[in-house]
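In terms of my numbering, the sequence shown opens at residue 3 and continues consecutively. Even glycine gets a Cβ: it sits at the ideal position worked out from N, Cα and C. Heads up, the thing below is written out as structure tokens.
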Amino acid sequence: MPIFSIRPAKRGTFLLFGTIYGRCFFISNNFYAVFPLDLITNDKYNHLSSNSKILYILFLNRLSLSKKNSSRFCDSDGVFIYYSNEQIQRDLCCSVNPAINALTELQQSGLICKKYQKRGLPVKIYVNDVFGITENNS
Numbered sequence: 003m004p005i006f007s008i009r010p011a012k013r014g015t016f017l018l019f020g021t022i023y024g025r026c027f028f029i030s031n032n033f034y035a036v037f038p039l040d041l042i043t044n045d046k047y048n049h050l051s052s053n054s055k056i057l058y059i060l061f062l063n064r065l066s067l068s069k070k071n072s073s074r075f076c077d078s079d080g081v082f083i084y085y086s087n088e089q090i091q092r093d094l095c096c097s098v099n100p101a102i103n104a105l106t107e108l109q110q111s112g113l114i115c116k117k118y119q120k121r122g123l124p125v126k127i128y129v130n131d132v133f134g135i136t137e138n139n140s
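Below is the structure:
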């Protein structure tokens with residue numbers, strides 16, 4: 003579970019400090035997102051495209067919101083997110099094929115795990131840890 007604290011910064015702004023997967027980060031007025039440097043420095047993730055890396059960052063951002071509302075977005079497998087293909091296309095400013103390719107790359111590298119529900123319900127996406135400790139073992 004992330005631990006958050008709010009500390010005053012320059013003139014009227016506040017920095018939100020916290021941890022995800024034991025790593026520190028800060029968010030200032032929602033202008034910044036968590037970027038795990040292992041996505042760049044670890045050879046295991048060299049094959050990922052830039053779209054996949056950005057999509058993973060967006061998933062981490064959505065995961066932090068899901069953890070705040072864990073009563074709605076938590077089941078026996080862990081905390082999950084909903085992220086539609088249309089939302090991926092809007093956020094990455096791309097068409098269908100690059101969006102699906104980015105999602106597939108993340109799934110093949112083990113950074114996410116998709117769990118399909120009944121027909122008509124959205125796919126649950128479990129975001130795994132880039133640092134080697136998985137959030138979900140499914």
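Residue i versus residue j - alpha carbon distance
i, j, result
"S52", "F61", "14 Å"
"V125", "L108", "15 Å"
"V98", "R92", "10 Å"
"H49", "L65", "24 Å"
Beta-carbon proximity check, residue i vs residue j, cutoff 7 Å
i, j, result
"I56", "F37", "no"
"A101", "I83", "no"
"D40", "V129", "no"
"A104", "S54", "yes"
Extent of the continuous alpha helix (DSSP H) to which residue i belongs
i, result
"I56", "52 to 70"
"L123", "Careful: L123 lies outside any alpha helix (DSSP H) and carries neither H nor E."
Residue i (DSSP reduced to helix, strand or coil)
i, result
"V98", "helix"
"Y142", "Only positions 3 to 140 of the chain appear in this structure, which leaves residue 142 out of reach."
"D79", "coil"
"L39", "coil"
"R92", "helix"
Extent of the continuous beta strand (DSSP E) run through residue i
i, result
"I114", "114 to 117"
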